[in-house]
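Undergrad: Here it is, the structure, as structure tokens.
Numbering (the UniProt record's numbering), first residue to last: 1 to 302.
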């Protein structure tokens, strides 16, 4: 659903044709607004591990199941310009996403602390929390959460995940180090793209004793360009289906004025193979870069 709605929102943004907005709004109402069918705004049972001795609960790693909500939040900003999305629809969507943002950022002491545990993971699961939180905070207008995320990126995320060379050590010990490294690169650069303001950018932020995102993209660029040069073990699954058209290349091409990054981005496959399973599709959550790098149109009041 998220992938489909994002594609329709991009088509609407480019064409201004309400037929695309109409096709996008119907599933949005079913999943997020209509009381009888809408999702509960939490992931308390994501990737639940059955245990007969205790009540079922999800896992922190389950948070990545909802990573596509980040691009969906971007899509909603564009669909907001269409009269097909009514004021009532918009209010319902913002209500749902505000509730989910509260779950992401204010886990109750008595309930499962899945979101907080996911946030503190030093890998792509923690980055998934960051990207979702930033995108949804922007959509719902929660400047306090956005400010907290910027501070966290500078004081926690970079130090926890990126080493001097620019790679992500926590990803290199997984069964799929190439895929997970590229996923993490996309998640972190996507968060940087959304957290940038006219007065503050995180693209050039570096620790005094460590690197930032400039070093990360410089490290991974040659391995995106030539997969066979990857110096670590090949992924257990789908190694030959990668790298795909990484949005990190486009984001950093713009941020650092590096046209060679954009040139490589244009040559890569835009979507996972049709036969790809859930895992490789999950590792490619940003499918519509138009929604991330284009100023959204303003809503015309009826």
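Ideal Cβ placement from N, Cα and C applies to all residues, glycine included.
#1: Near residue 158, which residues of its chain fall below 7 angstroms by C-beta distance, leaving aside the five closest residues on each side in sequence?
#2: Which same chain residues, not among the five before or five after residue 7, have their C-beta less than 8 angstroms away from its C-beta?
#3: Are residue 101 and residue 142 closer than 8 angstroms when you measure CB to CB?
#4: By Cβ distance, which residues of its chain are closer than 6 angstroms to residue 37, with the 5 residues on each side in sequence left out?
#5: Determine the DSSP secondary structure at residue 19, reduced to helix, strand or coil.
#6: List, from N- to C-terminal side, the alpha helix (DSSP H) runs of 4 residues or more that fit wholly inside the region 173–207.
#7: Could you give the DSSP three-state label for residue 110: helix, strand or coil?
#8: Determine the closest residue to residue 91 out of 32, 239, 72, 114, with distance taken between C-alpha atoms.
#9: Output the residue ranges of the alpha helix (DSSP H) runs that lie fully inside the region 108–146 and measure 4 residues or longer, sorted by chain position.
#10: Beta-carbon within less than 6 angstroms of residue 150's beta-carbon, same chain only, minus the 5 sequence neighbours each way: which residues are those?
#11: Just reading off the alpha helix (DSSP H) that residue 102 is part of, what are its end residues?
#12: Run through DSSP, which three-state label would residue 277 get?
TA: In short, the structure shows the following:
#1: Here residue 158 refers to the residue found at position 158 when the chain shown is read from its first residue. So the list reads 207, 210, 212, once near-sequence residues are dropped.
#2: Counting from one through the chain shown, the residue named residue 7 turns up at place 7. Closer than 8 angstroms at the Cβ level, and outside the excluded window around residue 7, lie 287, 288.
#3: Within the chain shown, the letter at position 101 stands for residue 101. Within the chain shown, the letter at position 142 stands for residue 142. In contact: residue 101 and residue 142 (Cβ atoms closer than 8 angstroms).
#4: Position 37 of the chain shown, counted from the start, is the residue given in the question as residue 37. Counting only Cβ-Cβ distances below 6 angstroms, and skipping sequence neighbours, we find 30.
#5: Within the chain shown, numbered from 1, the residue matching residue 19 stands at position 19. Here residue 19 sits in helix by DSSP.
#6: Qualifying alpha helix (DSSP H) stretches, in chain order: 177–195.
#7: Sequence index remark: in the chain shown, residue 110 carries index 110 (1-based). Bear in mind that the predicted position of residue 110 carries a pLDDT of just 46, short of 50, making it too unreliable to give a figure here.
#8: As a first step, residue 91 must be located in the chain shown, where it is residue number 91. Ranking the options by Cα distance to residue 91, first place goes to 32.
#9: Those alpha helix (DSSP H) runs which fall completely within the region 108–146 and span 4+ residues are 114–119, 124–140.
#10: Along the chain shown, one-based indexing puts residue 150 at 150. 195.
#11: By one-based count along the chain shown, residue 102 stands at place 102. Run containing residue 102: 87–105, per the alpha helix (DSSP H) assignment.
#12: Sequence index remark: in the chain shown, residue 277 carries index 277 (1-based). Reduced to three states, the DSSP call for residue 277 is coil.
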